[in-house]
């Protein structure tokens, strides 16, 4: 069975319908922190092109004056607030409070008034007040960029859908350490939870919002 | 890069650590409903062997007298309670209240006292009181079987981890309409959120619980 | 210290600010079921006037064509899905599936397309997909009526605020078995979480929405 | 109708059943911050005796080596992450990041390894990973102390019950700026959601846990 067959099979089963972007988007930048960006980190993911794409989208979002939200991951010493997830992934030690691997990159970091959500789990919605914040701002659409596609990006996109927001996952602005999980997760997201869209489509969308 | 390389790469990055099953498990059977099981349904998934494996695990769970939870999906006419998810997936029409495609199979259905969670989204935890129920019963471990691996099973396993339960995903007892998303999602689950275990290991575990 | 002093003291501490109703309200009717309405029920609460007020608001909401949501409470035999709450309150036995005390009153019940949320806990948001449904419909304001003020109404109003919706609690359309908890809870709600408003103000608001 | 009548009326309606403390408690100290403790603060609540009682319970909890959790409230400049709640209560300005009114008192503050939950809403569970943390530690019971009874304490106790934990609210260790909302909320909590217990009973309980 070829890849085309898989898409055809899903279409026949009525997956992959189109979601229409709303009028009040926000932008989220998931976990663009040094652990994934610094070549000396064990988590270094080689995602420079996603980083650059996200930078261009961030500029457009600021120009359009839509809400911008950054996430990072921060644990207490010992990781009790990471529960089962912290026990599962040794790599999460990089995010214990004070570790510079958890810092934002100086070239992609929050400006005054932009929200930072410090999360403990994969989804930016889980165990955070993100959904409440977006609802209180009457946001209806979430533009999703970040790292990594098979982890926090997917979990965030699935939860965006579940919470009632239209998730727009920007293909060029999400990245992973390996192309196979990256592609497999974009396939699932487009089939079941989100619109996977191009950077150029998002830039055009933001131009029309502003 | 071969599959072995991918596993090695993840191990070097410290993913895929082992989670140890607890003393108080519950079993969940995710969405074993006619829509996936009836060959005439557009959602028919050819997952007979997962269905049979889940049946064997259910018998062992009943013998061990651990809590057993079934899920299904039920929407109001029009699907307003399915929100964005219902808009995305045309196939969810099969689960509007009254459609026999949403029924459990007669050979795998709840007995007196076993809980049925009717959910609206992919995760059995999302928008339901499942986490509260498990916590109130002091469950610490969730044995996960069901359909489909790339959808509701993964979402449920990720949320089990996020909610503080040890997720044990039974390889033979979860199924999908295509082996590629099935395998890709089991890879992600083992790397980041859950223990993917064999049916025989679960049967031995349940024998020791009882 | 008189009641007036209490209000003055709270105002000095900067509680009780005004929330402004939004443009996209929904109406919720919390637990208007026979257990509270039937004089033979141990839970009978003598809340006929709240029931009648809610009926008038429901008519106006239907005329304005805003979303209408009814809640009830339904437990599995044995109440496992009620967790700690079911253990605490013996009276919740009235809501085990099949007990007619859990039925809606024939003179205040859902019509085609109006949503019914079956909940297990006090808050209509807790363990349900209500927040997601409202967000997916881009609702920004929740008009709250129902029973009882000190229980499910308060819990629902607090959660509406926490989830990012403007809660408008209609004074005449919420009721309790005793005026003291009723008054005390309306005081807290107005001080910290919601606008407690009159029926006439809501009727005027709905007239302007339609 | 006298207060005694109210209790009798509730008992006849089968409210106020007893919840039995479990084997694995944690202690939470809700919002013991300078805003309520400093006589110069507009939120100063005159709750010295609750503060002292909580101090005694904290010592006993540390001796018993049970998990200890402190909460505070922290908002971004402008309060976007406080949503509707921040708009409602002007007093919450005291908790914008950097304001010393949000600091813990030096005589009741976290020691190494004790968890701090920074919340945005009344309930310590809402928009935080508290429930997950407690579940991952297999906690079954939550000893609740803090400020204020009619606000964050009640919301936290209701949510503890809803999440599946036995809430033990310590009468002497919770406080409010006025005795009337304090008493009214303890009445509701005992009737519907929690065990309201004495400090001496909690100290004896903790002695037996250790």
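Residue numbers (this note's numbering), protein chains in the order written: chain V, 7 to 216; chain U, 7 to 216; chain S, 7 to 216; chain L, 7 to 216. Backbone N, C-alpha and C fix where the C-beta goes; we use that ideal spot for every residue, glycine too. Everything numeric in this text was worked out from a predicted model, so none of it was measured.
- Going by beta carbons, residue 103/V and residue 79/V fall outside the 8 Å limit.
- Here residue 32/S is bridged, per DSSP, to 148/S.
- 87/V is the residue among 48/V, 87/V, 58/V, 154/V whose C-alpha sits nearest the C-alpha of residue 134/V.
- Assignment of beta strand (DSSP E) within the region 77-142 of chain U, counting only whole runs of 3 or more residues, yields 121-125 in chain order.
- Its chain contains 21 as the residues whose beta carbon lies nearer than 7 Å to that of residue 198/V, once the 5 sequence neighbours on both sides are disregarded; these appear in chain order.
- Here residue 152/L is buried, its C-beta having at least 16 other C-beta atoms within 10 Å.
- According to the DSSP secondary-structure assignment, residue 23/V is paired through a beta bridge with no residue.
- Residue 156/V is positioned such that its CB atom lies no closer than 8 Å to that of residue 51/V.
- Across the region 146-176 of chain V, CB contacts with chain U closer than 9 Å involve 156, 157, 160, 161, 164, 165, 166, 167, 168, 169, 170, 171, 172, 173, in sequence order along the chain.
- Rounded to the nearest angstrom, the gap between the Cα atoms of residue 129/V and residue 160/V is 8 Å.
- Nearest in C-alpha terms to residue 207/U, of all of 70/U, 176/U, 35/U, is 176/U.
- Distance from residue 178/U to residue 65/U at the Cβ level is roughly 14 Å; contact not present, criterion being Cβ atoms closer than 8 Å.
- When only Cα atoms are considered, residue 18/U and residue 63/U end up about 34 Å apart.
- When the five nearest sequence neighbours on each side are left out, the beta carbons in the same chain lying within less than 8 Å of the beta carbon of residue 24/L are those of 201, in order along the chain.
- Judged by DSSP in its simplified three-state form, residue 205/V adopts helix.
- Excluding five sequence positions before and after residue 92/U, the CB atoms of its chain that fall closer than 7 Å to its own CB belong to 81, 85, 98, given in chain order.
- Taking 8 Å as the cut-off, the Cβ atoms of residue 34/L and residue 95/L do not count as close.
- If you look at residue 176/U, you'll find it in the beta strand (DSSP E) that goes 172-181.
- With its beta carbon less than 8 Å from one in chain V, residue 86/L belongs to the interface.
- Between residue 129/S and chain V, the shortest Cβ-Cβ separation is not below 8 Å.
- In the structure shown, residue 49/V falls within a coil segment according to DSSP collapsed to helix, strand and coil.
- Counting C-beta pairs closer than 8 Å gives fewer than three between the region 104-122 of chain V and the region 39-49 of chain U, which falls short of the contact rule.
- Residue 119/S belongs to the set of residues whose beta carbon lies under 8 Å from a beta carbon in chain U.
- Taking each of 183/U, 209/U, 146/U in turn and checking the Cα distance to residue 170/U, the smallest one comes out for 146/U.
- Chain V has a Cβ within less than 8 Å of the Cβ of residue 144/S.
- The shortest C-alpha to C-alpha distance from residue 77/V to any of 188/V, 70/V, 214/V, 116/V is the one to 116/V.
- Around the beta carbon of residue 29/L, fewer than 16 other beta carbons lie within 10 angstroms, which makes this residue exposed.
- In the displayed model, residue 215/U falls within a helix according to three-state DSSP.
- Bridge pairing for residue 159/S: absent [DSSP].
- Boundaries of the alpha helix (DSSP H) around residue 65/S: 54-70.
- The beta carbon of residue 77/U sits no closer than 8 Å to any beta carbon of chain S.
- Taking 8 Å as the cut-off, the Cβ atoms of residue 174/U and residue 100/U do not count as close.
- A direct Cα-to-Cα measurement between residue 212/U and residue 83/S gives close to 26 Å.
- Annotation: the continuous alpha helix (DSSP H) that includes residue 185/V extends over 185-198.
- Only residues of its own chain outside the window of five on either side were considered, and among them 22, 197 have a CB closer than 8 Å to the CB of residue 16/L, listed in chain order.
- Of the candidates 209/U, 14/U, 111/U, 195/U, the residue whose Cα lies closest to the Cα of residue 54/U is 111/U.
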